[in-house]
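2 protein chains.
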Amino acid sequence: MTDDCCENDCADSSCCDESPVLLPDDDRAEELAMYAWALAHPARVRILRLLLTRKSCVCGEIVGEMPLAQSTVSQHLKILKESGLVKGEVSGPKVCYCVDRNALATMKKLVGTLTPVLSSPEEEPAC
Amino acid sequence: MTDDCCENDCADSSCCDESPVLLPDDDRAEELAMYAWALAHPARVRILRLLLTRKSCVCGEIVGEMPLAQSTVSQHLKILKESGLVKGEVSGPKVCYCVDRNALATMKKLVGTLTPVLSSPEEEPAC
DNA sequence: TCGCTATATCGTTGATCGGCGATTAACGCT
DNA sequence: AGCGTTAATCGCCGATCAACGATATAGCGA
Numbered sequence: 002m003t004d005d006c007c008e009n010d011c012a013d014s015s016c017c018d019e020s021p022v023l024l025p026d027d028d029r030a031e032e033l034a035m036y037a038w039a040l041a042h043p044a045r046v047r048i049l050r051l052l053l054t055r056k057s058c059v060c061g062e063i064v065g066e067m068p069l070a071q072s073t074v075s076q077h078l079k080i081l082k083e084s085g086l087v088k089g090e091v092s093g094p095k096v097c098y099c100v101d102r103n104a105l106a107t108m109k110k111l112v113g114t115l116t117p118v119l120s121s122p123e124e125e126p127a128c
Numbered sequence: 002m003t004d005d006c007c008e009n010d011c012a013d014s015s016c017c018d019e020s021p022v023l024l025p026d027d028d029r030a031e032e033l034a035m036y037a038w039a040l041a042h043p044a045r046v047r048i049l050r051l052l053l054t055r056k057s058c059v060c061g062e063i064v065g066e067m068p069l070a071q072s073t074v075s076q077h078l079k080i081l082k083e084s085g086l087v088k089g090e091v092s093g094p095k096v097c098y099c100v101d102r103n104a105l106a107t108m109k110k111l112v113g114t115l116t117p118v119l120s121s122p123e124e125e126p127a128c
């Protein structure tokens with residue numbers, strides 16, 4: 002009652018109890034962080050969306066679509082590739098980039114993991 | 002046929018055509034990037050999961066739960082707060098942290114935006 | 001073979017991150 | 001008022017990012 006943040010009075014130790022808080026899939030934290038890191042730059046989000054808009058690969062004209070130098074775009078593509086979200090395939094002098102659907106699905110699943118555990122959906126945590 | 006990356010022969014200009022590629026919500030790229038940036042570090046993912054596991058706020062014992070110094074955890078919490086995913090509420094000398102459900106939903110929605118536009122769900126982009 | 005085009009890589013520079021210890025600020029309690 | 005607790009902030013450091021220009025690499029075509 003003294004605080005309106007937690008319904009079970011978090012200010013004293015009754016809320017922040019001694020439960021070990023064994024996170025179910027804590028090792029996946031790094032996996033999710035890696036995917037999130039790939040999207041942690043607006044340019045990479047735009048590139049990914051560009052690759053999604055086009056049905057498949059968009060070769061190198063990404064550079065023409067963005068206000069960045071070719072080397073910079075190449076760096077971003079490298080990061081996207083390292084995260085696994087994007088795969089590149091050489092086809093002649095060009096390179097086809099397209100989104101790895103499985104990796105995208107995995108990332109979405111990991112993001113979906115971030116769900117508040119609530120007994121009833123009505124009770125807002127109030128803070 | 003020369004490349005197996007795109008079904009519509011991306012190596013020449015027929016695939017990478019001149020369509021302006023008006024991204025529907027390109028301005029949202031920065032918004033998504035900001036959320037992704039908040040999750041781009043394993044420690045922050047763990048903190049967020051910690052906050053989700055506990056029903057609401059977890060005060061400062063996050064420090065005890067993680068192998069990091071208090072100042073470091075505070076920095077991560079600051080980043081999470083700046084992204085909007087987490088809100089902090091002062092209750093006495095302690096601070097209640099809990100996840101902003103709306104922001105979390107917004108982030109999930111933005112992540113859900115990243116969907117390949119496909120005519121039929123069967124045709125894999127082959128690369 | 002010789003260029004031409006398209007990517008990738010290198011090297012540099014400035015900015016930022018992530019970590020820490022130490023200090024400061026805010027609050028409750030005696 | 002003074003003390004203890006909690007959290008935020010301040011420097012400081014090494015490491016990394018993001019951007020660029022310049023250079024190297026790889027195919028294709030004439």
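Top to bottom, those sequences are chains A and B.
Residue numbering for the first sequence is 2 to 128, as defined by the working numbering.
Residue numbering for the second sequence is 2 to 128, as defined by the working numbering.
Ideal Cβ placement from N, Cα and C applies to all residues, glycine included.
A direct Cα-to-Cα measurement between A/Thr116 and B/Thr116 gives close to 21 Å.
When secondary structure is reduced to three states using DSSP, A/Glu62 falls in the coil class, being assigned neither helix nor strand. Below the 7 Å Cβ cutoff, chain B contributes Leu53, Val100, Arg102 as neighbours of A/Pro117, in chain order. Three or more Cβ pairs drawn from the region 102-117 of chain A and the region 106-114 of chain B lie within less than 8 Å of each other, which places the two stretches in contact. Across the set B/Leu40, B/Ala104, B/Ile48, B/Arg55, the C-alpha of B/Ile48 shows the shortest separation from the C-alpha of B/Gln71. A straight line joining the alpha-carbon of A/Lys88 with that of A/Val100 spans about 6 Å.
Per DSSP, B/Val118 lies in no beta strand (DSSP E) and is assigned neither H nor E. Contact annotation: A/Ala37 and B/Ala41 have beta-carbon atoms nearer than 8 Å. Here A/Val46 is not near B/Ala39, since their CB atoms are 8 Å or more apart. Rounded to whole angstroms, the gap between the alpha carbons of A/Arg55 and A/Met35 is 24 Å. One thing to note: A/Gly61 has its Cβ no nearer than 8 Å to the Cβ of A/Lys82.
Chain order gives no chain B residues near A/Glu83, where near means a beta carbon separation below 7 Å; the closest approach is about 13 Å. Distance from the CA atom of B/Glu32 to the CA atom of A/Arg50, rounded to whole angstroms, is 14 Å. For B/Arg55, no alpha helix (DSSP H) encloses it, and the DSSP letter there is neither H nor E.
Among the CB atoms of chain B, one or more fall inside 8 Å of the CB of A/His42.
Spanning the alpha carbons of A/Asp28 and B/Ala44 requires a straight line of approximately 11 Å.
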